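Asks:
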Amino acid sequence: MSDIVATNQTILVVGGGISGMTAALEAAEVGKQVIVIEKTPSVGGRVTKLYKYFPKLCFPTCGQEINQRRMAANRNITVLTMAEVTELSGEAGNYSATVKISPRYVNDNCTACGACAEVVESEFDDEHNYNMSKRKGAYLPHNLAMPKRYVIDPALIGTDEATKAKEACPFNAIDLDMQEETIELKAGAVVWATGWRPFDANKIQPYGYDRFDNVITSVEFERMMDPFGPTGGKLVRPSDGKEAKNVAFIQCAGSRDRNYLRHCSRICCMASLKQSTYVTEKYGDEANVSIYYIDIRAIDRFEDFYQKVQDNENVTFIKSKVANIVENHENNNPVLKGVNTEGYHRYENEHDLVVLAVGMEPSVAKDEFPIELKLNDEGFIENDEANGGVFAAGCSADALDVNRAVQSATASALRAIQVVNRVAQAEG
Amino acid sequence: MAKEYSFYPGCSSQEGASSSNYLTSVQSMCDVLDIKLNVIPDWNCCSASIGYCGGGELPRLALSARNIALSEEHNAGQDIVATCAACWLATKETQERLEDDEGLMAETNEALAEAGLKLKNENKIRHMVEVLIEDIGYEEMGKHVKKPLDGIKIAGYVGCQTNRPFGIEGESFENPKYLDKFIETMGAEPVENYDKKVSCCGGALAFSEPDKSQALIKDIIEAAYDGGADMIVTPCPVCQMNVEVYQDKINAKYGTKFNIPVTYYSTLMSVAYGKNGKESGLNGQIIKATKLEEIAAK
Amino acid sequence: MSDLNTSMVEKYRNNFLKEVEAHVEEGEWVKMCMQCGVCSGSCPLGPHWEHPPQELFMMIRAGKREEVLSSESMWMCTSCYNCIVRCPRELPITHIMHGLAHYATRLGIEPKGQPTRQFAQLFWDNLAKNGRVNELWLGVNLYFMNGLVEGIKVAMGMAGIGLGMLKAGRLSLKELVGGHTVKDKKGFKAMIKKAQELEAARVDK
Amino acid sequence: MSDEMKIGAYICKGCGIADRLDVGQLEMTATRDGKAAICKQHDFLCSEEGVKLIQDDIDNEGVNRVVIAACSRRAKTEAFQFENVALVRTNLREGVIWVRPDTDEARETTQEMGDDYVRMGCAEAKYAHPPKPSGEQGLTRAILIAGGGVSGMTAALEASKAGYKSTIVEKSGSLGGATAQLFKKIPTKAPYADPEDTGVDEMIAAVEADPNITVFLNATLTKTAGAPGRFEADITTESGSTETQMFGSIVQASGFKPFDASVLTEFSYGKSKDVVTQLELEALAKEANGGPIKRPSDGKEVSSVMFIQCAGQRSKKEGHLEHCSGYCCSASIKQAMYFKDQNPDIDTVVLYTDLRTPGAGGENFYRSGQKKGVIFTKGVASEVVHSQNPTVKFKDLILDEDTEVEVDLVVLATGMVPNAGSSTREELTADENEAKETGNEIRIDADSILNLDYRQGKDVPHMANGFADSHFICFPYETQRTGIYTAGPTRRPMDVQQAIDDATGAAMKAINEAENAALGRAAHPRSGDLSFPSFRKEGCTQCKRCTVECPFGAINEDEEGYPVYNESRCRRCGTCMGACPVRVISFENYSIDTVGQQLKAVDIPDEFDEKPRILVLACENDAYPALDMAAQNKMEYSAFTRIIPVRCLGSVSLSWITDSMNSGFDGVILMGCPSGDDYQCHFVKGSGTAQERMGKVGDTLESLSLEKERVQTYEISITDIQKVTQIINDMESTIEQIGMSPFKF
């Protein structure tokens, strides 16, 4: 890794999700040197875990394929995976970053032939499926992973299996002695694109995510649709594998709530509308979807999509924040209690499965940034001069949908370019 | 050295009052745990959550303010501890409200001045359960167990006001676990996933709206039976009374055959700590806690 | 209509929300409700509320003064605090319900025969007398609040419970005479009186 | 390329290839059938050593056509990058050994697959040329900005900060656009509690002081010709004088038009002066300037006001807008604050059905409005009755009752109508293309913004609800006109702050395109591609199919009706190539021959060998990756399959289908992206166009007396990993049923 060249005309992109990738590509394609720091073993971030995008219902991997092709073809971009910025200091035009790189135990020789995985038996929770399924200890994070290189789970190190994996590799790609590395990088500007994480549904106690099998989160539900996901593309409920036809979506699960996230996470209404189509598509007339909401926030052309879902007789909208969920002990059905406030109707509705439309919180907690940044109360980075040459992209800047995140990232690329162009000019 | 607290017993724990047996067991428990309770001299009623018809905001705040002021005067520097949920809640709420509102604080002090008191509002207001968890700790609580409550299955009924809106630090409003941990620590078995753990028993409305409240109480008892409970344990005097005393009425009305003892956590602890039935307040049971009596008699 | 009520109607004419903000405990929170209904769904006596909290808030905003203040709904509050902890907007709903009930009482337009209203008043009167609650008298008064005949019936119905409590030492006939009291009754009463005066000066003007 | 063609074929033995295939045999195939001048094997071709082996041959042996017979073209792309050669990837790993069982009986057919792919690779190499820029591209870094509102000014200022010059062409007499009409704007910074100054004056001052920015006021674009890197714009001012300037790229920030509220007769708009739109209220607020706002009818200070949200929006009624303008909820909160901040006793009610204030700032602002005493009522207004004071009749949805309220002033939250110029809605069907030629097309008549001198219309094509948006979630700036990026409310309804962010991004895209066009590099999605289409004029029949079907309007026509390719307007999809009936259009490394010769290179066994051949033409963006991923998951498919990736299904020439039939293929499968309203084709309508064309294949098959089942077209998404293998295997069964093709020689 010592061969990475970084100067104060380099743009450091922290986070390799769709926002980071976009910012990196825009800058690199106009000739800027870009280094992308990605925490996980592959780029793509949250969108790789989405099955479809709203409102087009197209597939995120489709755009990822294009972006990854652009990245692979661009020599101005260096991607460091399993890497984190631990320290960042300096000012616009002159930053230095300390980057910690965790060992992947697999080097560039890897051809992704899969020979290592064939000999490894141990299984671990699969992060790509929000731990709903298992993956092997030698694994490719997902079908479209970039870099297309296997990873050896650190838990395997020191075991016989690790040795077996190493021996199985014909290309000497497995290096069990790989160590954590810390490197220093210079940069002129930083694009902060660490994105979001789903709000911890365990905290929403009235809904019993921690107590009831058939209460799941929207991000988990999304994984179920993937034919390569934890249920092989089946919409079934966790308690007994029964088809989930009567599905409730609870909006603002963790959002717009002083107990959890005060902000509106923007995407959840549309995500549930989208996911309602998963149910109606799978089960047709047998589908029975209820969406419990406070306000349906389907702005601009998303409204068209909302109208379309509203027109479906099998989807019901209930203006209500569900008060709490109890479980019917006999069939493990979640029972939702509350009041439809449009005209005051009390309900106790039983469903096969409940999907919590969990909110979006910044991946990096307020006090965990390696450099002082101007944040709003919600923990998103403000666009403020006080932040010098650090620019937020995507969901580091606000709760955004993919389209707006990419817009934001494109803007942040220009802001970073402005800084490094100034440096270039000053240095002649 | 004994841990000292300024103690606010509250009306229901007075001699001959509805939860006098609670106080008995608390005293036995504290005795074992080396907790010294210094009663606030001349404390008054907090008006619980039902004084609001006749009492306006300020008069009600003045009630608790007087208790806090007396504590500050006589038990200076000591945390105020209450065993009754309503007492704890009303006092703590008063403290918060007065902290947030300078106008109310000034008016309250004006009223207190009539009784020759002044409020500084600086002491912590705590529930006995908090003292046990935070100052004593489960480990220490467990060390003193002489007669583990083997073979008793208990539904930990937390109820409302010990749980909301303040609750116990680190516990959730919907599924607090501390009471179950108490039960376990004393060697008994808690009912897992007790559905009605934090449901309302009707509180004061058990008096004014008996039918509506008894319907709630019925569910609480039923869920305990469903969980296989031999008895119910609670940290709240109102919960204890409501759940225990109306069982006959409920049986008459719903055809149920409820006869489940309802005790306090302190009753369990006192018995487990080797105190006898009387010291543990077992004679205060209307529905006898026979399993505890057997152990206490051993 | 009580004088106080008349004067409040005059003063606020069409703006009940402002009246509530000015005179009801925690009333300034009413405007913050976003009509999610989690309070209404969380109430243990929910089905017995003609107008659940969130609807009362909307009614206040819509100026439905009489309907709100004379409603039995807020007297259904058991003070379980479920609504408060679940409210996404931090509204102290329990207190607002108490506040509305108290304000209605103050104006003299509360539902008079409402049992909880009766009991709550008895409770206050009981504690205000000696500084501590006399459970026996509270019970006796409660049973007889609807008159002697009705009272005897209720008391007979509750006799078993009373007896049980007596036997368990949790009800004392000593309370009939004397009973528990604060020592500084004079100071206590002066304090309450002062608090009432201060509040009246603020609320009733 | 005039240099002598020299093919070097390199066969990788790694990843099990050598275990499963007879590599010696492959080498022989490459040299004997493929005419590779050099053929080498390597154990680990993507290693430094393997790559060096190839590079050495390029440097020392004059190899200029490189065939890498190893893994998929989607694997190890970083390793196999060579300058100045035509590169072909022959897919032995994902394409052969990973989709076939490792059994003795499968060995023969698997080897045949490998041999065929080697032949195909060499054939492709033979006809491919290393792409290089045409030399027609220009380098103009200046950016043309249409519109001098906040979006346009932001684009100019942000570009300037990066060192780029720009020219703003503003139709009106002043900068500032709609924002200049606002009293305040929705807050943009924590705590998002109060309206903020618009900052528009400061922005105008900054623009005026910036030497990188030229401003034309009272000016329009009367003609925009050329292509990215060399746009030529005629800027005509009110006086009639025209100036022509060169630009590298364009930002269209033409904003919005206020919704015409006069259709809202039920709300007495036009009848009552005290029923105003949000924009009209801004004028009243500006006039009041922090003092009491007076109503228009009698100048009375407003003491009560009701905001009716979604007025004429979210509605399918005639003349209404179907979309939600997104910003109006926040705008009403802001405007209610104009009243509340001045006098808290003023009654302000916002009547809404869904309060839409997304994001961190939005919810804070909503709460702040409530805190200030703005009342929010969930309800639907049915009527505003006009008398001395307007009375709003509405249904309160919470209290479930019909009610009414008399107020001093009613504000209608009407939405944004995009100002996106004229549009010709392009239809996908060939029939409608014909209709177009007869002048029967569907037009939105409006003054053009850009007056593009393009074959396919004067402005950027409109998308949903008339906005000049991108259709792609992941690529929000990709309009259907290369090098022209829309920003602000012309693209999507948005507030001031969003427009600022949006315009910054659009400036980035404009800079990116100006720089890349100059280098001859393609824009999205084949970013960086240096190949471009050219045509053999001698063979061209001037049929105009290419100019009509180009999804990006890249191709113009000269006076004689010959196509004029504008290299940097081209996205390199090849739809023109697929459209051309006389096969005269080609790219250096992608042509009728590079594909046609591949399918001809496939060895077709005798009819009685019972080894059918299935040709799959797979879109490289979605279907091919799906096939790859199927292989990655070791999902098997028929050994008789020969797959050729295509840039887009739109580039598929019918001649490839007839050629494959003629050469004895038993079945052909075309895999393209889903088309229709929610199309997923990266080239907009390539797949749709191809499907139309394939509709006519039936006739061809009939004339050859072949069953129509032999050619099938599928819409494949990148996630259809299981489906692709199923389709292939189904074709094998179909062939089993209908029998082998008789065209085997």
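Protein chains in written order, with numbering that gives the first Met the number 0: chain A, 0 to 427; chain B, 0 to 297; chain C, 0 to 204; chain D, 0 to 744. Cβ atoms here follow ideal geometry from the backbone N, Cα and C, with glycine treated the same way. All values derive from a computational prediction rather than experimental measurement.
How many whole angstroms separate the CB atoms of Ala295 (chain B) and Asn282 (chain B), which I take to be in contact at a CB cut-off of 8 Å?
Replies: Counting from 1 along the second sequence, the entry for residue 295 (chain B) is found at position 296. Counting from 1 along the second sequence, the entry for residue 282 (chain B) is found at position 283. That pair is no contact at about 10 Å.
Asks: Which residue's Cα is closest to the Cα of Lys202 (chain A): A:Pro59, A:Thr216, A:Gly378?
Replies: For the purposes of this step, residue 202 (chain A) is taken as residue 203 along the first sequence, with counting starting at 1. Residue A:Thr216 is the option with its Cα nearest to Lys202 (chain A).
Asks: If we ignore side chains and look at the alpha-carbon of each, how far apart do Ala82 (chain A) and Cys251 (chain A) end up?
Replies: Taking the first sequence and counting its residues from 1, one reaches residue 82 (chain A) at position 83. Taking the first sequence and counting its residues from 1, one reaches residue 251 (chain A) at position 252. Straight-line Cα distance between these residues: approximately 33 Å.
Asks: Kindly indicate if chain B contains any beta-carbon less than 9 Å away from that of Pro205 (chain A).
Replies: One-based indexing of the first sequence puts residue 205 (chain A) at position 206. Chain B contact via Cβ: present.
Asks: Check the Cβ-Cβ distances between Glu433 (chain D) and every residue of chain C, and say whether any is below 9 Å.
Replies: Here the question's residue 433 (chain D) lines up with position 434 in the fourth sequence. Bear in mind that the predicted position of Glu433 (chain D) carries a pLDDT of just 48, short of 50, making it unreliable; the figure below should be weighed with that in mind. Taking CB atoms only, Glu433 (chain D) has no neighbour in chain C less than 9 Å away.
Asks: Using the DSSP secondary-structure output, state which residues sit across from Ala111 (chain A) in a beta bridge.
Replies: Along the first sequence, one-based indexing puts residue 111 (chain A) at 112. Partner(s): none; Ala111 (chain A) has no beta bridge.
Asks: Taking its Cβ as the centre, do 16 or more other Cβ atoms sit within 10 Å of Ile151 (chain C), making it buried, or is it exposed?
Replies: Counting from one through the third sequence, the residue named residue 151 (chain C) turns up at place 152. The residue is exposed, with fewer than 16 neighbouring Cβ atoms inside 10 Å.
Asks: What residues are listed by DSSP as bridge partners for Gln8 (chain A)?
Replies: Position 9 of the first sequence, counting from 1, holds the residue named residue 8 (chain A). Bridge partners of Gln8 (chain A): none, in fact.
Asks: Can you list, in chain order, the residues of its chain whose CB lies under 6 Å from that of Lys75 (chain D), leaving out five sequence neighbours each side?
Replies: The residue you call residue 75 (chain D) lines up with position 76 of the fourth sequence. Contacts found: Cys45.
Asks: Interface residues of chain C around Gln369 (chain D) at Cβ under 9 Å?
Replies: Looking up residue 369 (chain D) in the fourth sequence gives position 370. Chain C residues near Gln369 (chain D): Lys30, Met31, Cys32, Met33, Arg88.
Asks: Could you work out which residues of chain D lie near Glu377 (chain A), taking near to mean beta carbons separated by less than 7 Å?
Replies: For the purposes of this step, residue 377 (chain A) is identified with residue 378 of the first sequence, where counting begins at 1. Result: Ala359.
Asks: Please list the residues of the segment 169-198 of chain B that have a C-beta atom closer than 8 Å to any C-beta atom in chain C, keeping them in chain order.
Replies: Phe172, Ser198
Asks: With DSSP as the reference, label Val321 (chain A) as helix, strand or coil.
Replies: Here residue 321 (chain A) corresponds to residue number 322 of the first sequence, with the count starting at 1. Coil, per DSSP.
Asks: By the three-class DSSP mapping on this structure, what secondary structure does Ser27 (chain B) have?
Replies: As a position in the second sequence, residue 27 (chain B) is number 28, starting the count at 1. In this structure, Ser27 (chain B) counts as helix in the three-state DSSP scheme.
Asks: Start and end of the alpha helix (DSSP H) containing Asn129 (chain C)?
Replies: Stepping through the third sequence from its first residue, residue 129 (chain C) is reached at position 130. Here the alpha helix (DSSP H) through Asn129 (chain C) covers 114-129.
Asks: Can you tell me whether DSSP reads Ser329 (chain D) as helix, strand or coil?
Replies: The residue labelled residue 329 (chain D) in the question sits at position 330 within the fourth sequence. Three-state result, Ser329 (chain D): helix.
Asks: Please list the partners that Asp193 (chain D) has in chain C, where partner means a Cβ-to-Cβ separation under 9 Å.
Replies: For this step, residue 193 (chain D) is matched to residue 194 along the fourth sequence. Those within 9 Å of Asp193 (chain D) in chain C number zero; the least Cβ separation is about 17 Å.
Asks: Give every residue of the same chain whose Cβ lies closer than 7 Å to the Cβ of Tyr476 (chain D), excluding the five residues on either side of it in the sequence, and list them in chain order.
Replies: The count along the fourth sequence starts at 1 and reaches residue 476 (chain D) at position 477. Taken in chain order, the residues that qualify are Ser469, Tyr484, Gly504, Ala505, Lys508.
Asks: Could you pull out every unbroken beta strand (DSSP E) segment of at least 3 residues lying fully inside the segment 197-231 of chain D, listed in chain order?
Replies: 212-215, 218-224
Asks: Which same chain residues, not among the five before or five after Leu91 (chain D), have their C-beta less than 7 Å away from its C-beta?
Replies: Residue 91 (chain D) sits at position 92 when you count from the first residue of the fourth sequence. The answer, listed in chain order, is Ile16, Leu20, Ala68, Ala69, Gly113, Tyr116.
Asks: Counting only C-beta atoms, is Val144 (chain B) closer than 9 Å to chain C at any point?
Replies: Taking the second sequence and counting its residues from 1, one reaches residue 144 (chain B) at position 145. Not one chain C Cβ lies under 9 Å of Val144 (chain B).
Asks: Can you tell me which of the three DSSP states Asp665 (chain D) falls into?
Replies: Translated into the one-based positions of the fourth sequence, residue 665 (chain D) becomes position 666. Correct three-state label for Asp665 (chain D): coil.
Asks: Any idea what DSSP makes of Pro797 (chain D), helix, strand or coil?
Replies: Outside the shown range of chain D (0 to 744) lies residue 797 (chain D), about which nothing can therefore be said.
Asks: Taking the C-alpha atoms as reference points, what is the distance between Ile441 (chain D) and Gln455 (chain D)?
Replies: Mapped onto the fourth sequence, residue 441 (chain D) falls at position 442. Mapped onto the fourth sequence, residue 455 (chain D) falls at position 456. Residue placement at Ile441 (chain D) is poorly supported in this model, since its pLDDT is 47, which falls under 50; the coordinates still yield a value, given next. Cα atoms of Ile441 (chain D) and Gln455 (chain D): separation of roughly 13 Å, rounded to the nearest angstrom.
Asks: Does the beta carbon of Asp2 (chain C) sit closer than 9 Å to a beta carbon anywhere in chain B?
Replies: On the third sequence, residue 2 (chain C) is found 3 positions in, with the first residue counted as 1. No, its Cβ sits nowhere closer than 9 Å to a Cβ of chain B.
Asks: Based on Cα-Cα distance, which residue from D:Gly172, D:Asn620, D:Ser324, D:Asp340 lies nearest to Ala463 (chain D)?
Replies: On the fourth sequence, position 464 is the one that residue 463 (chain D) refers to. When each option's Cα is compared against that of Ala463 (chain D), the closest is D:Ser324.
Asks: For Ser198 (chain B), which of B:Leu131, B:Val157, B:Asp225, B:Lys146 has the nearest alpha-carbon?
Replies: Taking the first residue of the second sequence as position 1, residue 198 (chain B) is located at position 199. When each option's Cα is compared against that of Ser198 (chain B), the closest is B:Val157.
Asks: Closer than 7 Å by C-beta to Asn339 (chain A): which residues in its own chain qualify, once you throw out the five before and the five after it? Chain order, please.
Replies: Taking the first residue of the first sequence as 1, we reach residue 339 (chain A) at position 340. Answer for Asn339 (chain A): Ile317, Lys318, Ser319, Tyr346, listed in chain order.
Asks: At a Cβ cut of 9 Å, what residues of the segment 59-75 of chain C count as close to chain A, listed as they run along the chain?
Replies: Of all residues in the segment 59-75 of chain C, none has a Cβ within less than 9 Å of some Cβ in chain A.
Asks: Do you know how far the Cα of Pro194 (chain D) is from the Cα of Lys333 (chain D)?
Replies: On the fourth sequence, position 334 is the one that residue 333 (chain D) refers to. On the fourth sequence, position 195 is the one that residue 194 (chain D) refers to. Using only the alpha carbons, I get a separation of about 6 Å.
Asks: Let's see if you can read the secondary structure: which residues bound the beta strand (DSSP E) around Val416 (chain D)?
Replies: Your numbering for residue 416 (chain D) matches position 417 in the fourth sequence. Val416 (chain D) -> beta strand (DSSP E) spans 415-417.
Asks: Which bits of chain C does Ala322 (chain A) rub up against, with CB to CB less than 7 Å?
Replies: The residue you call residue 322 (chain A) lines up with position 323 of the first sequence. At a C-beta separation below 7 Å, Ala322 (chain A) has these neighbours in chain C: Val37, Gly40, Ser41, Arg85.
Asks: Mind checking which residues open and close the alpha helix (DSSP H) that includes Ala194 (chain C)?
Replies: Residue numbering aside, residue 194 (chain C) sits at position 195 when the third sequence is read from its first letter. It spans 184-202 - the alpha helix (DSSP H) in which Ala194 (chain C) sits, taken as one unbroken run.
Asks: Out of curiosity, what's the CA-to-CA distance linking Val8 (chain C) and Ala16 (chain B)?
Replies: In the third sequence, residue 8 (chain C) corresponds to position 9, counting from 1. In the second sequence, residue 16 (chain B) corresponds to position 17, counting from 1. Rounded to the nearest angstrom, the two C-alpha atoms are 44 Å apart.
Asks: For the beta strand (DSSP E) containing Asn245 (chain A), list its first residue and its last residue.
Replies: If you number the first sequence from 1, residue 245 (chain A) lands on position 246. In the DSSP annotation of this structure, the continuous segment of the beta strand (DSSP E) that includes Asn245 (chain A) starts and ends at 245-252.
Asks: Just how far apart, CA to CA, sit Gln239 (chain B) and Ala247 (chain A)?
Replies: The residue you call residue 239 (chain B) lines up with position 240 of the second sequence. The residue you call residue 247 (chain A) lines up with position 248 of the first sequence. Cα to Cα, the separation comes out at about 37 Å.
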